[in-house]
Amino acid sequence: MFRFLFTSVLVLFTCNSTMALECLNENFQFRKNQQEIDYRIYTSNREIKLMSYNVQNLFDTNQDKGKMDWEFLPRNYPGKAQACARVKKHYRQKCLESNWTLEKYKLKLLKIREAIEMAGPLPDILALQEIENEKVVGDLAKLLGFRKFVVTNSPDQRGIDVALLFNEDHFKYVDHHQVVMTGGVFANKPTRNILGVNFQPMGSSNHFGIYVNHWPSQAAPPETRVSVAYQLRKFIETNRRRFGSSYHVIATGDFNTVDEDFPNPISHVIETPAWPEHLVDLQRVINKNFVKLRVLLPPGSYFYKKTNSWNRFDRFLLSQNFFSSGGLFANLGNFRIIATKNMGQCFFDSLFAANYSYGNHVFGIPKKYNHNARGLEDAGFSDHFPIVMSFSY
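This note's numbering applies: residue 1 is where the sequence shown begins, and numbers increase by one.
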């Protein structure tokens, strides 16, 4: 009996290894033969390029007071062992064994730059999620060539924030504000702030606002994200009253929302026609009007392995006046999910998958970052793909 069990397990592992190799080989051939879109976006003199990117845990090597950032510290950092011993059992060993050094931090910055360069020239505006503080954003801004940036200071327990980096070649900075989620569930489990930054294009009477979001994860119930969505609405309405009908809005970032969410924070709160100032999901417009672009781009920016599904966590939600004549207008053909060949990898459902999708091979899913990597080749990028768009003024 024991011999049979051992043989069965050995066969299972052999099959897994063989199929993993087949997945890699098929992925290589698939990507080699795949017709690939040009991900590089070039802009004209009166055009502004915007990118949003969840960079997957960009932390420095110092402890932020009051934050649970111990996993992203050197192994011998004072107090790390004691702090890791207090975290939940599921994460404890990973925290204790991690060794986030200055060299690994610098490597992470280089891989973020590499991903951003896949979209061609530096975007005029870059929205970031999962960054720790002003220090890391400042280091990245210097590496990329951004002259200005703003960062939130959220009560999030992990110590992650959102940021906006920009160069004022086509517009001037007006002001920025952030909204803190308070009360209710957020009293015991704080989340990230929403960052709103207002600009005015050169030689234009119009204004536009970029709202950077990183909503609570799918581990939280949809009602939590609905609460954040209503706060975003209020934030937008406040600025609309300030700037008037010529105010244009782009809400972007990681919304952590799937179509199955009910109530749905995007379709029921942000996109609903019941809200006179409702926003429009740019990718929905693209999928309806640009068939070739829809086919060549991945279905989403994030792949969830447990359900074998693509998710559109990362989005551009635009005010309606971006699609009307006059003022600022979205350049629909310049929307991209940046999913170049080297940024993707193959996934197959293993023999131990608890569903009926065993044997499925999914090609080109995001190659998530390996924080233990020591070199560029095995580091990966992020568990999210960046998204890019442009608009003219």
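We put the CB at the ideal spot given by N, CA and C, even for glycine.
So, do the segment 124-131 and the segment 54-73 have three or more beta carbon pairs nearer to each other than 8 angstroms? Touching, per the Cβ criterion.
8 angstroms Cβ cutoff met for Asp394 and Lys49: No statement about residue 394 is possible, as the shown extent of the chain runs from 1 to 393 and does not include it.
Assign Phe199 to one of three DSSP states: helix, strand, or coil. Residue state, collapsed to three classes: strand.
Would Phe149 count as contacting chain D if we go by Cβ distances under 8 angstroms? Absent from the structure: chain D. Only one protein chain is present.
Who are the near neighbours of Asn99 in its chain, counting only those whose CB is closer than 7 angstroms to its CB and skipping five residues on each side? Pro74, Arg75, listed in sequence order.
Contact set for Phe243: own chain, Cβ-Cβ below 6 angstroms, skip 5 residues either direction: So the qualifying residues of the chain are His207.
Of the choices Leu282, Ala373, Ile387, Arg158, whose alpha-carbon is the least far from that of Lys106? The residue with the shortest Cα to Cα distance from Lys106 is Ala373.
With DSSP run on the structure shown, which of helix, strand or coil describes Pro222? The DSSP-derived three-state label of Pro222 is helix.
Just mark Gly326 as buried or exposed, buried being the case when its beta carbon has 16 or more other beta carbons within 10 Å. The residue is exposed, with fewer than 16 neighbouring Cβ atoms inside 10 Å.
Within 10 angstroms of the Cβ of Tyr247, are there 16 or more other Cβ atoms? Answer buried if so, exposed if not. So Tyr247 counts as buried.
Rounded separation between Ala339 and Ser154 - CA only: One Cα belongs to Ala339, the other to Ser154, and the distance between them is close to 30 angstroms.
Using the DSSP secondary-structure output, state which residues sit across from Gln178 in a beta bridge. DSSP links Gln178 through a beta bridge to Leu195.
Using 10 angstroms around the beta-carbon of Phe352, count the other beta-carbons present and answer buried if the total reaches 16, otherwise exposed. Per-residue confidence for Phe352 stands at a pLDDT of 47, beneath the threshold of 50, marking its modelled position as unreliable; the derived number appears in the next sentence. The Cβ neighbour count for Phe352, taken over all protein chains shown within 10 Å, is under 16; the residue is labelled exposed.
For Arg86, which three-state DSSP category applies? DSSP places Arg86 in coil when its eight states are reduced to three.
Cβ pair Ile41, Ser390 closer than 8 angstroms: Yes, Cβ-Cβ distance for Ile41 and Ser390 is below 8 angstroms.
In DSSP terms, what Val162 is bridged to: Bridge partners of Val162: Gln129.
Can you give me the Cβ contacts of Ser217 inside the same chain, cut-off strictly under 8 angstroms, excluding the 5 residues immediately before and after it? Closer than 8 angstroms at Cβ, skipping near neighbours: Asn256.
Given a cut-off of 8 angstroms, decide if Tyr39 and Arg294 are closer than it, judged by their beta-carbon atoms. No, they are not a contact pair.
Less than 8 angstroms between the beta carbons of Ala187 and Pro386, yes or no? Contact flag unset, no.
Taking 8 angstroms as the threshold, find out whether the segment 146-153 comes into contact with the segment 62-74 through three or more Cβ pairs. No, the segment 146-153 is not in contact with the segment 62-74.
Rounded to the nearest angstrom, what separates Val212 and Ile250 at their Cα positions? Pairing Val212 with Ile250, the inter-Cα distance amounts to about 9 angstroms.
Just to check my reading of the structure: Val214 and Asp259 have Cβ atoms closer than 8 angstroms, yes? What is that Cβ distance to the nearest angstrom? Looking at the sequence provided, one finds His at residue 214 rather than Val. 19 angstroms between Cβ atoms; not a contact.
Whole angstroms is fine: what's the gap from His170's alpha carbon to Gly159's? In a straight line, the C-alpha of His170 is about 33 angstroms away from that of Gly159.
Quick check on the DSSP output: the alpha helix (DSSP H) that includes Ile286 runs from which residue to which? Counting along the chain, the alpha helix (DSSP H) containing Ile286 begins and ends at 282-289.
Member of Gly120, Leu110, Pro121 whose CA lies at the smallest distance from the CA of Leu140: For Leu140, the closest of Gly120, Leu110, Pro121 by C-alpha to C-alpha distance is Leu110.
Just mark Gln345 as buried or exposed, buried being the case when its beta carbon has 16 or more other beta carbons within 10 Å. Buried.
Could you give the first and the last residue of the continuous alpha helix (DSSP H) run that contains Lys108? Note, Lys108: alpha helix (DSSP H), 102-117.
Check whether the segment 174-191 and the segment 226-243 touch, using three or more Cβ-Cβ pairs below 8 angstroms as the test. Counting C-beta pairs with one atom in each stretch, the segment 174-191 and the segment 226-243 have three or more that are closer than 8 angstroms, which means they touch.
What three-state label does DSSP hand Met343 in the structure shown? Met343 falls in the helix class under three-state DSSP.
Exposed or buried, Lys292, counting other C-beta atoms within 10 Å across all chains shown (16 or more means buried)? Lys292 counts as exposed, since fewer than 16 other C-beta atoms from the protein chains shown sit within 10 angstroms of its C-beta.
Going by beta-carbon coordinates alone, are Arg315 and Gln283 separated by less than 8 angstroms? Yes, the pair counts as a contact, with Cβ atoms nearer than the cut-off.
For the pair the segment 160-179 and the segment 192-201, tell me if three or more CB-CB distances fall below 8 angstroms. Under the 8 angstroms Cβ criterion, the segment 160-179 counts as touching the segment 192-201, having at least three qualifying pairs.
Terminal residues of the continuous beta strand (DSSP E) containing Ala141? Counted as a single uninterrupted DSSP element, the stretch harbouring Ala141 is not any beta strand (DSSP E) but the alpha helix (DSSP H) occupying residues 134-144.
Using only alpha-carbon positions, find the residue among Met202, Tyr304, Arg92, Ile236 that is nearest to Leu318. Checked all of Met202, Tyr304, Arg92, Ile236; the closest Cα to Leu318 is Ile236.
Asn167 versus His177, Phe146, Phe363, His176, residue with shortest Cα-Cα distance: When His177, Phe146, Phe363, His176 are compared, the shortest CA-CA separation from Asn167 is found for Phe146.
Looking only at DSSP bridge pairs, what is Arg315 linked to? In the DSSP assignment, Arg315 forms a beta bridge with Gly253.
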